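A.B. asks: Structure provided below as structure tokens; questions to follow.
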Amino acid sequence: MLGPIAINNLSPLPKYRQIINSIIKGIEYNSIGPGEKLPSIYELCNQLDVSKRTVERAYDQLKEQAIIESVHGKGYYINHSKLGRSQKIFLLFNKLSEHKKMVYDGFVDQLGTDSKGNPIAVDFYIYNNNYETFKNLLLNHLQSYSHYVVVPHFYDNQEKAALLLNQLPKDKLILLDKLVEGVTGNYGSVVQNFEKDLIQALTEALPLLSKYTTLNMLFPKHTYQPKAILKGFYQFCYEYSFKANVIYDVEQLTIQPGHAYINLMEEDLVTVVKKTKATNYQVGKDIGILSYNETPLKEVLLDGITVMSTDFDRMGRTAANLIRTNECRHLENPFRLITRNSL
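Residue numbers (full-length UniProt numbering): 1 to 343.
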């Protein structure tokens with residue numbers, strides 16, 4: 001029964017975890033049957049060319065989870081009672097925010113209960129846009145979950161992140177908010193089309209933007225935001241003859257009449273509002289402000305901030321539906337413009 005058990009020497013996953021994943025995957029895909037005897041530690045060491053400690057560590061963890069059992073003098077066997085595992089979701093976000101809370105609430109509410117009426121377990125983790133934290137969280141939880149739902153935003157190491165995500169069973173993987181270049185296979189996703197969405201929203205806002213000559217995109221130099229946003233911004237400005245200006249350091253910003261300011265990050269909006277209040281310019285007439293991502297505060301700030309935003313609640317609910325229907329589909333999340341007095 002060595003066939004289903006394999007390791008990849010080029011994989012970033014520890015070899016003992018690869019052995020664990022191979023056995024669990026074999027059980028789920030019925031290539032390892034109930035009560036079937038596993039290779040001995042000695043046999044697996046020889047066949048996979050790994051150390052005794054590597055195999056022992058894998059078997060010990062599988063025993064702790066009651067996925068396998070050992071019979072004295074006979075060997076290791078698949079545990080009949082643990083083949084039908086209940087759903088348990090690994091939910092990994094890049095950071096906490098008002099928007100991510102909307103995704104989480106929609107996801108958990110739509111996920112609902114299992115066939116027995118019990119709430120489906122969701123373990124929630126944050127990696128703060130840090131690849132090392134992301135890697136450690138995934139490597140430490142690779143054998144325990146029926147699905148992995150991940151928001152993949154990184155400041156760097158995106159290629160390594162793709163390599164790591166490719167180690168997950170693709171039928172268990174759902175990416176949220178954005179795709180990761182290099183992740184292959186048949187997996188699920190609920191994402192934004194950043195370039196198309198921006199052009200669509202700005203085009204809808206064109207009657208309000210027409211009073212301004214210059215559009216300023218506040219785009220921090222060190223950011224996880226996709227470059228597709230800048231591509232859409234330049235394309236829109238070129239098509240409708242706006243002067244396009246990208247500001248990488250908001251602290252260097254000078255508020256000028258005839259300019260509209262588009263912010264991606266919440267902290268940049270705070271700076272724009274402060275700098276605006278220090279002038280005599282009227283928001284919505286002399287200058288315009290357009291912000292990414294809807295929050296309740298933006299309804300009242302400066303008598304209403306115009307926003308363009310994906311539907312975060314819908315994103316979470318759609319991801320939950322992919323799990324409930326066991327589908328691997330790529331879906332674009334709806335995007336909308338909400339006009340208020342700031343334009």
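Virtual Cβ for every residue (Gly too), placed ideally from N, Cα, C. Please read these numbers as outputs of a predicted model, since none were measured by experiment.
Helix, strand or coil for V217, going by three-state DSSP, please let me know.
C.D. replies: Here residue 217 refers to the residue found at position 217 when the sequence shown is read from its first residue. In the sequence under discussion, the amino acid at residue 217 is Met, which differs from the Val named in the question. M217 falls in the strand class under three-state DSSP.
A.B. asks: Which one or two residues does DSSP pair with V307 in a beta bridge?
C.D. replies: On the sequence shown, position 307 is the one that residue 307 refers to. Its beta-bridge partners are S291, I338.
A.B. asks: Please name the residue in Y187, K211, L230, K227 whose C-alpha comes closest to that of E327.
C.D. replies: Residue numbering aside, residue 327 sits at position 327 when the sequence shown is read from its first letter. For E327, the nearest C-alpha among the options comes from Y187.
A.B. asks: Tell me the rounded alpha-carbon separation between Y42 and A66.
C.D. replies: Translated into the one-based positions of the sequence shown, residue 42 becomes position 42. Translated into the one-based positions of the sequence shown, residue 66 becomes position 66. Within the model, the alpha-carbon separation for Y42 versus A66 is close to 22 Å.
A.B. asks: I'd like to know if the stretch 297-311 and the stretch 131-141 are in contact, where contact means that at least 3 CB-CB pairs between them fall below 8 Å.
C.D. replies: no
A.B. asks: Give me, in chain order, the residues of the same chain whose beta-carbon lies closer than 7 Å to that of A319; leave out the 5 immediate sequence neighbours on both sides.
C.D. replies: As a working note, residue 319 is residue 319 in the sequence shown. Around A319: F107, V149, I174, L176, V190.
A.B. asks: Which of the three DSSP states, helix, strand or coil, is assigned to N263?
C.D. replies: Along the sequence shown, read from residue 1 onward, the residue named residue 263 stands at position 263. In the structure shown, N263 sits in a strand (DSSP, three-state: E or B).
A.B. asks: According to DSSP, is A278 part of a helix, a strand, or is it coil?
C.D. replies: Walking along the sequence shown from the start, residue 278 turns up at place 278. Looking at A278 - three-state DSSP - the assignment turns out to be coil, as it is neither helix nor strand.
A.B. asks: Answer yes or no: do K221 and Y248 have a C-beta to C-beta separation smaller than 7 Å?
C.D. replies: In the sequence shown, residue 221 corresponds to position 221, counting from 1. In the sequence shown, residue 248 corresponds to position 248, counting from 1. Going by C-beta atoms, K221 is nearer than 7 Å to Y248.
A.B. asks: Identify every residue that forms a DSSP beta bridge with F124.
C.D. replies: If you number the sequence shown from 1, residue 124 lands on position 124. Within the DSSP secondary-structure output, F124 pairs in a beta bridge with L91.
A.B. asks: Would a C-beta distance cut-off of 7 Å place G258 and T213 closer than the cut-off?
C.D. replies: For the purposes of this step, residue 258 is identified with residue 258 of the sequence shown, where counting begins at 1. For the purposes of this step, residue 213 is identified with residue 213 of the sequence shown, where counting begins at 1. Yes, they are a contact pair.
A.B. asks: Quick one, which of N280, C237, Q225 has its alpha-carbon nearest Q266's?
C.D. replies: By one-based count along the sequence shown, residue 266 stands at place 266. The amino acid at residue 266 is misidentified as Gln; the sequence shows Glu. The candidate whose alpha carbon is nearest that of E266 is Q225.
A.B. asks: Per the DSSP calculation, T133 is bridged to which residue(s)?
C.D. replies: As a working mapping, residue 133 is identified with position 133 in the sequence shown. T133 pairs with nothing; no bridge assigned.
A.B. asks: Identify the residues that DSSP records as bridge partners of A244: which are they?
C.D. replies: Sequence index remark: in the sequence shown, residue 244 carries index 244 (1-based). DSSP links A244 through a beta bridge to L215.
A.B. asks: Quick one: give me the first and last residue of the beta strand (DSSP E) that D171 is part of.
C.D. replies: Indexing the sequence shown from 1 puts residue 171 at position 171. Where D171 is concerned, there is no enclosing beta strand (DSSP E), given that its DSSP letter is neither H nor E.
A.B. asks: Could you spell out where the beta strand (DSSP E) holding Y148 opens and where it closes?
C.D. replies: Residue numbering aside, residue 148 sits at position 148 when the sequence shown is read from its first letter. First-last of the beta strand (DSSP E) with Y148: 147-150.
A.B. asks: Would you say S342 and I262 are within 7 Å of each other, going by their C-beta atoms?
C.D. replies: Residue mapping note: residue 342 aligns to position 342 of the sequence shown, counting from 1. Residue mapping note: residue 262 aligns to position 262 of the sequence shown, counting from 1. Cβ atoms of S342 and I262: not closer than 7 Å.
A.B. asks: Hey, quick one: how far does the beta strand (DSSP E) through G188 stretch, first residue to last?
C.D. replies: Residue numbering aside, residue 188 sits at position 188 when the sequence shown is read from its first letter. Residues 188-191.
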